[in-house]
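Participant: Going down the list, the sequences are from chains A and S. Each residue of the first sequence is one higher than the last, beginning at -12 in the numbering used here. Each residue of the second sequence is one higher than the last, beginning at 412 in the numbering used here. Before I ask anything, let me first share the structure, which is written out below as structure tokens.
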Amino acid sequence: MALMEKFRKTDLYKSVFRHSYQDTQRNRALQIVDNVFLHLHPVRVPRHATNIGFTWGMGGITFLLFLVLTITGVILMFYYRPTAQYAYEDMKYLMNDVPFGPLMRNMHRWAAHAMVLTVMLHMFRVFLTGSYKPPRQFNWVVGVILLVLTLLLSFSGYLLPWDQLAIWAVTVGTNMARATPLLGHEGPFGAELGMRIDNDVRFVLLGGTEVAPPTLLRFYVGHCIFLPLIAVIFMAVHFWRVRKDGGISGPESKKNF
Amino acid sequence: MQQFLEIISKPDNIPIGLLLVGAIFFSWLAWTKARKNDLLDRPVEATMDDKVQVWPYLVRVEFLATIAVMAILVFWSVFLDAPLEEAANRALTPNPSKAPWYFLGLQELLVYFDPWIAGVVLPTLIIVGLMAVPYVDINPKGNGYYTFKERKFAILVYSFGFLVLWVSLIVLGTFMRGPGWNFFWPWERWDPHYVAVLTNVDLSEVLNIPTRLPDNSINPVAMIFGAVVVLGYYSIGPVYWILKRNTDLMQKLGLVRYAIVSFLLLTMGGVVIKIILRLAPTFLGMNPVKYVWVTPWFNI
Chain A
-12 MALMEKFRKT DLYKSVFRHS YQDTQRNRAL QIVDNVFLHL HPVRVPRHAT NIGFTWGMGG
48 ITFLLFLVLT ITGVILMFYY RPTAQYAYED MKYLMNDVPF GPLMRNMHRW AAHAMVLTVM
108 LHMFRVFLTG SYKPPRQFNW VVGVILLVLT LLLSFSGYLL PWDQLAIWAV TVGTNMARAT
168 PLLGHEGPFG AELGMRIDND VRFVLLGGTE VAPPTLLRFY VGHCIFLPLI AVIFMAVHFW
228 RVRKDGGISG PESKKNF
Chain S
412 MQQFLEIISK PDNIPIGLLL VGAIFFSWLA WTKARKNDLL DRPVEATMDD KVQVWPYLVR
472 VEFLATIAVM AILVFWSVFL DAPLEEAANR ALTPNPSKAP WYFLGLQELL VYFDPWIAGV
532 VLPTLIIVGL MAVPYVDINP KGNGYYTFKE RKFAILVYSF GFLVLWVSLI VLGTFMRGPG
592 WNFFWPWERW DPHYVAVLTN VDLSEVLNIP TRLPDNSINP VAMIFGAVVV LGYYSIGPVY
652 WILKRNTDLM QKLGLVRYAI VSFLLLTMGG VVIKIILRLA PTFLGMNPVK YVWVTPWFNI
């Protein structure tokens, strides 16, 4: 213990931990302000903001699941090659021979499903507490974009196992794009505008006329690079605006009541 | 019934069960809180506005929630494997082919609408409509606390869209649509050879106006009839505006907001009407209605 006390006085220790851990108001504040992750939070919040019955914790859980998905996703990338020749074999390898492979894949799959769920419930809560009202209108719009990105992330990941479930679910989903008005070859006024099966919006999405190896690569890059990048940017805006718009919503007690 | 239990317990369908349970639980929770607040002078949240320090009072909640979520996730992942079926084979189409669970409400809409509406227009309107919510809801009350009394209309519309349309169509599309996208009750077995005897008719045909002429071209009378029905339905919006434009609410709302709200609401109502037109007649022993408006370019 005495050694620890000595260590606490070294330059090394003080350069890492900038304040003591004594339970004082000041240290509680510094704990938040001096920490790059925690300083997402303000130092103090209204008491109802800590009440899980009010927030349901769904926004925070969504972010947690996104982190879980990022970590498990990166691990899965070490074992997965996005080509029709290898993708399915790699899945089999992952599920049967890679240590903790099934755990990583299962966590990725279930966290993805759970994230879609928590996004919907978060949105439900935000609506029911009227939290989209001024000054938070635009953050609701950012939230809707994040909902769409979540669905796209989940949907693009659905193809990657390259099994029957994957290609047919994605076939059904992307078949809708055929019927896009104006831009799809089977949509209203599509043919009139020169849309064919090999040049319409579905062709761009799939990289071909059907769900085929180019689609796998396209969805893989979208799933692992493009969509997460966009989602992170919108998340940053979303969180930043929560702070800028006065923290978590609550009644303006002094004014209205 | 056994098959229904098999489908409901498929690993990929568990989120639907959770969605159902979550939607019911949180609706109940929000309702209880709203009721309580509505009976008080000030909402409960307004009495909890004293500031507490984030460390430890918020961080500990986050920490515990993280542990709980991670525990559930690890438990779920240890005991239930993510599905991995046979290798992809374009020559072998499963029947039924289903999209991921969260898109099954939209896939179910394909029964009632052509793909360009069900797959493109309606999803776009859902997204745009959601984004428009803060700008068309000009009611300043109920900002930051649970209430029902102060925003009945907004809450009813959103709950109807989320709980009734979104969730129940997902449930219907996943659990009750078997081979050929035919409807099966939970106690029925999914028979791949079942052929539904459905003679779809168009709305004009219900009134004895044939949709197509003997040479198979579209009957202009039926086309005009369809246009009158669809445009007539949407004209409820303008007519209501003309009748009520001088009321306080309409004045505050303004024409642009009113136009957006009425269009979105009528579209939502239209979806419900088309679902009823399609489903109700089968239970009454009549022919289900397929299209309301048939044209050479698009059908509604």
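From the three backbone atoms N, C-alpha and C, an ideal C-beta is built for every residue, glycine too.
In chain S, which residues lie with their C-beta within 8 Å of the C-beta of I48/A?
Facilitator: Translated into the one-based positions of the first sequence, residue 48/A becomes position 61. Under the 8 Å cutoff, chain S gives A476 and V480.
Participant: Consult DSSP for P33/A and reduce its assignment to one of helix, strand or coil.
Facilitator: Taking the first residue of the first sequence as position 1, residue 33/A is located at position 46. P33/A falls in the strand class under three-state DSSP.
Participant: Under a CB-based cut-off of 8 Å, is C211/A close to chain S?
Facilitator: Taking the first sequence and counting its residues from 1, the one referred to as residue 211/A is at position 224. Not one chain S Cβ lies under 8 Å of C211/A.
Participant: Quick check on N83/A: does DSSP put it in helix, strand or coil?
Facilitator: Within the first sequence, the letter at position 96 stands for residue 83/A. Here N83/A sits in helix by DSSP.
Participant: Which chain S residues sit within Cβ distance under 8 Å of I245/A?
Facilitator: Given a span of -12 to 244 for chain A in the structure shown, any question on residue 245/A remains unanswerable.
Participant: Counting Cβ pairs, one atom from each stretch, are 3 or more of them under 8 Å apart for the region 56 to 64 of chain A and the region 430 to 449 of chain S?
Facilitator: The region 56 to 64 of chain A is not in contact with the region 430 to 449 of chain S.
Participant: What does G555/S reach in chain A if we use C-beta pairs closer than 7 Å?
Facilitator: Position 144 of the second sequence, counted from the start, is the residue given in the question as residue 555/S. Result: T116, G117, S118, S236, G237 and P238.
Participant: Can you tell me the Cα-Cα spacing of F221/A and V129/A, whole angstroms?
Facilitator: Taking the first sequence and counting its residues from 1, one reaches residue 221/A at position 234. Taking the first sequence and counting its residues from 1, one reaches residue 129/A at position 142. When rounded, the distance between both Cα atoms is 7 Å.
Participant: Along the region 148 to 163 of chain A, what residues have a CB closer than 9 Å to any CB found in chain S?
Facilitator: Of all residues in the region 148 to 163 of chain A, P148, W149, D150, Q151, L152, A153, I154, W155, A156, V157, T158, V159, G160, N162 and M163 have a Cβ within less than 9 Å of some Cβ in chain S.
Participant: Where do the N-terminal and C-terminal ends of the alpha helix (DSSP H) with K462/S fall, by residue?
Facilitator: For the purposes of this step, residue 462/S is taken as residue 51 along the second sequence, with counting starting at 1. It is not in any alpha helix (DSSP H) - K462/S instead sits in the beta strand (DSSP E) that spans K462 to Q464.
Participant: Answer with buried or exposed for K242/A, where buried requires no fewer than 16 other C-beta atoms within 10 angstroms of its C-beta.
Facilitator: Looking up residue 242/A in the first sequence gives position 255. Note that K242/A has pLDDT 49, beneath the 50 cutoff, so the model's placement of it is unreliable and the number below is only indicative. Burial call: exposed.
Participant: In chain order, what are the residue ranges of uninterrupted beta strand (DSSP E) at least 3 long that sit wholly in the region 93 to 167 of chain A?
Facilitator: Runs found: none.
Participant: With L431/S and V578/S assumed to form a contact (beta carbons below 8 Å), what rounded beta-carbon distance in angstroms separates them?
Facilitator: Position 20 of the second sequence holds residue 431/S. Position 167 of the second sequence holds residue 578/S. Right, their Cβ atoms sit about 7 Å apart.
Participant: Can the beta-carbon of T137/A be found less than 8 Å from the beta-carbon of V106/A?
Facilitator: As a first step, residue 137/A is located in the first sequence; it is residue number 150 there, counting from the start. As a first step, residue 106/A is located in the first sequence; it is residue number 119 there, counting from the start. Yes, the pair counts as a contact, with Cβ atoms nearer than the cut-off.
Participant: Alpha carbon to alpha carbon, how far is D449/S from L(-1)/A? Give it in angstroms, no decimals.
Facilitator: Here the question's residue -1/A lines up with position 12 in the first sequence. Here the question's residue 449/S lines up with position 38 in the second sequence. For L(-1)/A and D449/S, the distance between alpha carbons rounds to 57 Å.
Participant: Please report the straight-line C-alpha distance between A71/A and D525/S, rounded to a whole angstrom.
Facilitator: The residue given as residue 71/A occupies position 84 in the first sequence. The residue given as residue 525/S occupies position 114 in the second sequence. Taking the straight line joining both Cα atoms gives about 32 Å.
Participant: For the alpha helix (DSSP H) containing F486/S, name the first residue and the last one.
Facilitator: As a position in the second sequence, residue 486/S is number 75, starting the count at 1. Unbroken alpha helix (DSSP H) run through F486/S: V470 to F490.
Participant: Looking at C-alpha atoms only, which residue of G234/A, D150/A and R230/A is the closest neighbour of A502/S?
Facilitator: Locating residue 502/S in the second sequence gives position 91, counting from the first residue. Among G234/A, D150/A and R230/A, the Cα nearest to that of A502/S belongs to D150/A.
Participant: Leaving out five residues before and five after G117/A in sequence, what residues of the same chain have Cβ atoms less than 8 Å from its Cβ?
Facilitator: Taking the first sequence and counting its residues from 1, the one referred to as residue 117/A is at position 130. Same-chain partners within the cutoff: S236.
Participant: When the Cα of L614/S is compared with those of M697/S, N506/S, Y645/S and V470/S, which residue comes out closest?
Facilitator: To locate residue 614/S, count along the second sequence from 1; it is residue 203. When only C-alpha atoms are compared, the closest one is M697/S.
Participant: Which same chain residues end up closer than 8 Å to S570/S when comparing Cβ atoms and leaving out the 5 residues on each side of it in sequence?
Facilitator: By one-based count along the second sequence, residue 570/S stands at place 159. Cβ neighbours of S570/S beyond the five flanking positions: S438.
Participant: Taking Cβ-Cβ distances shorter than 8 Å, what residues in chain S pair up with N93/A?
Facilitator: Taking the first sequence and counting its residues from 1, one reaches residue 93/A at position 106. In chain order: W487, S488, V489, L491, D492 and A493.
Participant: State yes or no: is the C-beta of M634/S nearer than 7 Å to some heavy atom of the ligand GTP?
Facilitator: With respect to the ligand GTP, the structure shown offers nothing to examine, as it has no ligands at all.
Participant: Taking a Cβ distance cut-off of 8 Å, strictly less, list which residues of the region 505 to 525 of chain S are near chain A, in chain order.
Facilitator: So the close ones are P505, S508, K509, A510, P511, W512, Y513, F514, L517, Q518 and D525.
Participant: So, is Y557/S buried or exposed, given that buried needs 16 or more other C-beta atoms within 10 angstroms?
Facilitator: Reading the second sequence from its first residue, position 146 is the one you call residue 557/S. Y557/S should be labelled buried.
Participant: Looking only at C-alpha atoms, which of L52/A, G177/A, S143/A and H172/A sits nearest to A273/A?
Facilitator: Nothing can be reported for residue 273/A: it is not among the residues displayed for chain A, which extend from -12 to 244.
Participant: Quick one: grab the DSSP three-state call for F571/S.
Facilitator: What you label residue 571/S is simply residue 160 of the second sequence in a count that begins at 1. Three-state result, F571/S: helix.
Participant: Just the Cα atoms here: how many angstroms apart are G144/A and I435/S?
Facilitator: Mapped onto the first sequence, residue 144/A falls at position 157. Mapped onto the second sequence, residue 435/S falls at position 24. For G144/A and I435/S, the distance between alpha carbons rounds to 29 Å.
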